[in-house]
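Heads up: the protein sequence lines correspond to chains F and P, in order. First residue of the first sequence: 1, per our numbering; consecutive thereafter. First residue of the second sequence: 1081, per our numbering; consecutive thereafter. Cβ atoms here follow ideal geometry from the backbone N, Cα and C, with glycine treated the same way. The structure displayed is predicted, hence computed values, not measured ones. Below is one structure, written out as structure tokens; comments come after it.
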Amino acid sequence: MKQKVLGILFLCNVLLFSATYAQDRRVSGRVSDSSGDPMPGVTVIATGTTTGVTTDDNGRYTITVPVGTKSLTFRFLGYTAKEVNLGSSDIVDAVLSEDPTQLAEVVVTGAYGIKATSRSTAYNAQVVTQEQMNTIRQTDINNALAGKVTGIQVRSQSPAALGRETEVRLRGMSGFGTGMGAIYVVDGTILPNINDINLDDIDNVSVLQGPAAAAQFGSQGANGAIVVTLKKGRQTRGVGVTVNLGAQFDNVYVLPAYQDLYAGGSSADLIQYNWKEGDPVEWQALDGKYYHDMQDDASWGPRMEGQEYIPWYAWYGGHSRSFQTASLMPQPNNARDFFETGVTLNNGITFSSSTEKLDFKTTYNNQSVNGLLPNSSLAKNNLNVVTTYRLNDKLSLSANINYINRELKGLISDAYGSTSTGSFNQWFHRDLDIGILKELRALNHNGIYASWNKRNPNAYDPGDPNEWYKANYWYNPYTQYDFSPITQQNDRLFGDVSFTYKILNGLSIKGTYRKQQNTYAREARVYTELENSAYQTGVFGAYATETDYHNRENLEFLASFDRTFNNFSVNANLGTDFFNAVYRQNGANTNQGLTVPNGFFISNSVQSPSISNVRWTEKYNAVFGTATVGYKDMLFANFTLRNDWFSTLPMGNNDVLSKSFGGSFVFSELLPEWSWLSFGKVRYSWGEIPQALGTEKGRFGAYRYPGMAYTIGNNQWNGNILMPTPDQLVDPNIHGAVNMQQEMGIDLRFLRNRLGASFTYWNGRDRDFPFSLSINGASGFSTLLTNIGEIEKEGVELQLTAQPIVNPKFKWDVNFTYSHLIKNDVVELSKEYGVTRSNSVANVAFSALPQAYHQEGMRAGQLIGRGILRNEDGVPILNSDGSYQVDPEVFYGSVLPDFTGGIQNSFNFLNDFYLAFNIDYQFGGVFASLSDGFGAYSGLSERTAAVNDRGMNVRDAVEDGGGVKVVGVNANNEPVEYYVDARTHYVNLFNNGTVDEYIHPLDFIKLREVSIGYDLPVSKWNLSRLGIQNANFSIVGRNLWLIHSKANGDYDPSEISEFAGERAQLPGTRGWGFNLRIGF
Amino acid sequence: MKAIHRILAGIGLVLSVTGCDKLEDFGDTNVNPGAATEPVIGGLLTNVQANIGSYAYDTRGGLYAQIFSETQYTDVSLYGRPELSFTGYYTGNLYDLQNIINTGESNNMTQIARILQQYIFFVITNLWGDVPYSQALQGELNLRPAYDRQEDIYRGIFQTLGDAVDSFDDSPITGDVIFGGDIDAWRRAANSLKLIAAIQLSKRVPASDGFAAAAFREALAATGGVITSNSENFDVDYPGGNFQSPYYTRYLTRHDYGESEPLVELLLGFHDNRQSVYGSSNVGMPYGLPRTGANGAEAFTSANPNWSRIFSEAFRPEDGTVYIITAAQVALARAEAADLGWTTESLADLYEEGIRLSHEQWDVELSEGYLEQDGVGLTAAAGSGGNAEQIAIQRYIASYPDGTQVWNIWRKSGYPVLTPTPHATSTSGEIPRRYIYATSELSTNRESVEAAIANLPGGNTAEARVWWDQE
């Protein structure tokens, strides 16, 4: 191991010692663009010499120039080079302006803030700028990236699932469970999740895909990295204040199609109520009238024709509709109307300044969201301070500090059985008036809260007069939300403090301390009212509380060398990183109710409360080096070596070496005669990252090895402890997975950069996943944690850019991305253990629907389960009762899409008006829908009351021409067709697992973002007397149009809630809003 | 150049301070502070004993044997495919017990663990038939244990129980919440289990000189004897609070099961006072109804809100008792052995004693003329096997609510005569006679399960009969 480290040291020594020059005068300054933003990566050369340096993150440079140097030359590709004469001052600032005839260079940010120009990178370097990303001021960075870079699959979530993290996959699936996703890096700090970042603060995002680009991050970067650079202090004409104001409104857009013909219950006929002795006297008013079955929460009830009936609330006294009948009418919008308008207010103010001594920027942002679910809200305050103080031209101190305070309220769930969609889409009645449910949310009988779902009136027992009023399976949803408040709070602090010492031209050292601390507190209450109102809901009054403390710290040292010599440029870094993470969690919850009703404290538990106490510590130490050597700005070679030692791996074998190398060749430099070719580059890179044992992002798998941890049960049985034996064996030779990828690509620009194309082919191999392999339980253990599996990946990525129209009065920019995940295939599961299929890695709660597995020889994340048995031609084989024969093993396809991408159009009219619309798409891959399964089982969905080919409703009796037409062959392969009673048919589909029609493609095309903006004429309107320098107003829309989907329009496939599909997915939404930005 | 040396010295310093040895040494960082690395054998035993009562109150067998009925989701009593995995028994209680044995810390703990293991294997093999036994529970040494033939499992159970009873010494016993470390009680439990297991084979190995009859007689003659009074019952007394009787938790939040109408009719027909305990009313829940519809289970419960729960409320307190093997069950098994001619004990005395012990267990009086009435009174001489029906029915009643045991008795004897539900969803429409091996066995132990299926007349179906059920 020492040799590896020494090797890195040696290499850097060579680079350092070669930097010997005569020095004379020290000049420093700042380079900015025409809008005042600092420009990092600008080459500063003492004119007429070979001495050159590049500017830092703040656009600052320091150069020692030889005697006699008359001027400095500032160069950055895509900008007009500038020569500034040296006067008496040692401070020389420069402002560079864009050269429209040149391709603007892009700066790619990697680990530890190390920057590279896109010209020199050997991998597909994609950088998204603030303008491209923040088109509509989304609050979620992943959604803001959708379709804008290649190789990314954004897994959005319904905005009704307030506060839920979205996820991305870079170049397919990573890991061997359900995937780990890319890490997020904000100004060098690695964050396990990104959901608290204020998008207005972001300057740009570099997306680094795969080990070749992300080896510099070591283990954590194995699945790619999304590197965010926040805005720095800038020079402004005015007082340096920017105000961002915005409001957005979201409404339900995509909900399943419901049937609106049949009422609730199990009985197809209304049932007559006959008052009898012992029944409540008031019910006499309802004697002889009819009701529909209330006990069954399905919707196989009578046809709704406006006939008189006794609604659920009529049995209760104390309101205006007590003991009265009503007309039985469908309520087509009852589910839709339940959801409120989501209102997002997003307001911020930024102060920014850059002076010789100090760069400073601070932003305060407030987000306030009223969710679509009742009583749900999110309040977030975000404070960001970025500052650099230069003590002198050698030493500077920087601090980046982000503080976020967040409070999320509400019962937000789309699990099976969840209130809202878990009811509306699976177990509900189509005749329920949501307005009345809302109005009667507090209706109760002796403290027992009224529900639409309770036993029928003949179950009324005069010996136990309260019992009947209790909720059977469901409460009034409003009552449940009112009595189940949950509050979650986060206090989060992250950032770094660092010092940088510039030793000589281009050589600096930097010491950084990073910290990321998150304190989380959760409290959940269930009021005793719900317990008192429970017949079979299983709900007890409850209180649960949890407090988490999570702290990650890095101590980093980095020596950087960045110089040009004659035709050569060298950028080298050598560093160390010492990481320490601790997590401490304490939680407790009551069991089996609260002794004092509504006493929300742990000691009030009926049974002993459950307590949890989780602690872990993880550490790594790393030594790394990277270098890029360029020749004539035309040929580049780069490499990375990084060695990590992990506390979580077996001692004595706890280090891994990550490595990557690559090269690029800007061949257009040799072809100046091809004037149509503005730029041409080919590149190749290779990388391999071995990992630790983590199963989630930012974790390294503490205590997975050596395992066999004995815990003790919460409670003692008359003084005796209970201790179970762990069910997992751990392979003593366990190690982390190894990800390898290589890629080659070509970047081309034509016609003075009006057209651009970037093409990448990549392939890779991930192997040796530390996986809890299911073993036969008769051995005494259910799983063996060992290294298994190999996944082969392959893909292509294409990005096209064009400026079809460039006119002073009208400009049109287009960016198109296309990614094809050709392979993400399981080559081997485990030959050693003779296993070709993993245990199930994900499901949608019920085994009637297929579960996700990794199957040897097939794409990862394969949905496998029961389905319709088919003949060779794919025609279903039917039983004589018209049901499908069952195939116990149907391969429905992988949850991974084949194609992802998008197209962004932006238009600029008359310089002042902007229009942008961003579409993204996805094709291939499937998801399983539990809502479909139960929606049909329970007679809620439209298909259960459709009209068949005989023109009759499928619910009509088969002998009258009704029934669902089922076509197939019989056991002798002869064509047959049957008409099957609708209820029997759909109940059979679910019970038998012949659920083929509930598996849908993930295909979609979606108009995700639209923005229409206008730069207010500040001078014309004389706004400058108010101190206003610039102002922009925009109207935005999000998720405006699900243009294409093969999920019957019932679900938004871009927002599938889980890996294998959905259990009761919250609805897709459509939103619009406006933003106002004012610069002072 | 000084500067270069300074920075190199700096980096060198950082690396030398930390050094490579230092870089890889994290001390005890990876020692889990939230758990112990070694087991506490008393804790393992208590953990098993806290769970073991669930086997003696399993609803599925009780639904097949018609002592229970489902009140809303009627899938099991309509004979939906019972494809179930047995591995949870092994990874849970069986291995906890094996862990006690493997530590070798206490001989007496080892013997208790072996006895409890045999009880669990007895439960498992009766449900599935051939299952892993001799090669099971060996951890990484055997990840794909072969299935043993049920006959061999039974022979192993007899052998191990006999051996355990004779192996107790004065080593310490901890965590025993069933018998509080009473070795004699464990011997009685082991001998009684052996006797109950032996009589289960009477259909397949009926001869009085067969190995089953021999095992029965061994059990009777073994050190410590068998359970003869209710105070000696092998049972679990739940303390309540955090460990509640499953009879109690059954109706805590759900109302899915009732006492079945056929059982209520049987008991009322005999004027059997145990009905006042076994159910909450005399409105038995009709058996095997479809879920919904006018004649569905839900319609019935709506119209009869006082349908009979399992046990009257007084007999399902949270600190109740779950019986695993009772004096009544043992006496009635001995009566059956005498009837078969396996022993020369007094058939009439044991039969009457069994019925009386069962009444005593549930604290009810024997109704007048109970023993003499048709269907109860013995009708044939001892040794003839002619009283099979009466004895089976009394064993069936006395074993309530142990659904698995009641199903065992019915499968072996055919009594009481049960009518399958007419609404069955299975192809055969017959009452299931075993559980189907789960498909997970195919992916983790294919060769073994395929060999076991090859030995099953009828294949891996619910209608196939386990070895002792075959004529």
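query, result
"DSSP bridge partner residues for Trp1041 of chain F (one or two, in chain order)", "F:Leu1007"
"Chain F within 7 Å of Gly1123 of chain P, Cβ atoms only", "yes"
"His1089 of chain F: first and last residue of the uninterrupted beta strand (DSSP E) it sits in", "Not covered by the structure: residue 1089 of chain F. The range shown for chain F is 1 to 1080."
"7 Å Cβ cutoff, Gln1485 of chain P in contact with chain F", "no"
"Beta carbon of Tyr703 of chain F nearer than 7 Å to that of Asn1112 of chain P", "yes"
"Simplified DSSP assignment, three categories, for Thr1126 of chain P", "helix"
"Arg752 of chain F - DSSP class collapsed to helix/strand/coil", "coil"
"Residue of F:Gly652, F:Ser266, F:Tyr61 minimising C-alpha distance to His292 of chain F", "F:Ser266"
"Residues in the stretch 757 to 788 of chain F having any Cβ partner in chain P nearer than 8 Å", "Ser774, Ile775, Asn776, Gly777, Ala778, Ser779, Gly780, Phe781, Ser782, Leu784"
"Whole beta strand (DSSP E) elements within the stretch 934 to 976 of chain F, 3-residue minimum", "964 to 969"
"Whole-angstrom distance between Asp269 of chain F and Tyr309 of chain F, CA atom to CA atom", "11 Å"
"Selected residue, minimal CA-CA separation from Leu677 of chain F, among F:Val738, F:Glu790, F:Glu669", "F:Glu669"
"Spatial neighbours of Lys592 of chain F in its chain, beta-carbon cut-off 8 Å, leaving aside the 5 residues before and after", "Going by the sequence as given, residue 592 of chain F is Gln instead of Lys. Excluding sequence neighbours, Gln592 of chain F sits near Phe540, Ser605, Val606, Gln607."
"Delimiting residues of the beta strand (DSSP E) encompassing His550 of chain F", "542 to 565"
"Listed by chain order, chain P residues near Ser647 of chain F by CB distance under 8 Å", "Phe1106, Thr1109, Asn1110"
"Option nearest Thr617 of chain F by Cα separation, candidates F:Thr325, F:Gly694, F:Tyr710, F:Ile141", "F:Gly694"
"Proximity below 7 Å, CB of Gln728 of chain F to CB of Gly707 of chain F", "yes"
"7 Å Cβ cutoff, Glu1150 of chain P in contact with chain F", "no"
"Where Phe499 of chain F sits in the DSSP three-state scheme", "strand"
"Ala637 of chain F, enclosing beta strand (DSSP E) - first and last residue", "635 to 646"
"Beta-carbon proximity of Thr1406 of chain P to Gln1441 of chain P, cut-off 7 Å", "yes"
"His1000 of chain F (DSSP reduced to helix, strand or coil)", "strand"
"CA-to-CA distance, Ala213 of chain F to Gln741 of chain F, given in whole angstroms", "9 Å"
"Same chain only: Cβ atoms within 6 Å of Val1036 of chain F, ignoring 5 sequence neighbours per side", "Ile136, Ser1011, Gly1073"
"Partner residues on chain C for Leu1412 of chain P, Cβ-Cβ distance less than 7 Å", "Within the model displayed, chain C is absent; protein chains F and P are what it includes."
"Residue burial classification, Phe810 of chain F (beta-carbon count within 10 angstroms, cutoff 16)", "exposed"
"Distance CB(Thr994 of chain F)-CB(Tyr884 of chain F) smaller than 7 Å", "yes"
"Gln3 of chain F, buried or exposed, once every other Cβ within 10 Å from all chains shown has been counted against 16", "Unreliable placement is indicated for Gln3 of chain F, whose pLDDT of 49 sits below 50; the coordinate value is still reported in the next sentence. Looking at its Cβ environment, which holds fewer than 16 other Cβ atoms inside 10 Å, Gln3 of chain F is exposed."
"Minimum Cβ-Cβ distance from Ala1116 of chain P to chain F less than 7 Å", "yes"
"Thr1333 of chain P versus Ser1361 of chain P - alpha carbon distance", "20 Å"
"DSSP state of Ala1407 of chain P mapped onto helix, strand, coil", "helix"
"Interface residues of the stretch 1333 to 1353 of chain P facing chain F [CB-CB below 9 Å]", "Thr1333, Arg1334, His1335, Asp1336"
"Option in F:Asn375, F:Asp287, F:Ser533, F:Gly587 with minimal Cα separation from Glu546 of chain F", "F:Gly587"
"Span of the beta strand (DSSP E), counted from its first residue to its last, around Lys1274 of chain P", "Here Lys1274 of chain P belongs to no beta strand (DSSP E); instead the alpha helix (DSSP H) covers 1263 to 1279."
"Neighbour list for Tyr703 of chain F in chain P, Cβ cutoff strictly below 7 Å", "Asn1110, Asn1112"
"Cross-chain neighbours of Met708 of chain F in chain P, by beta carbon under 8 Å", "Thr1117"
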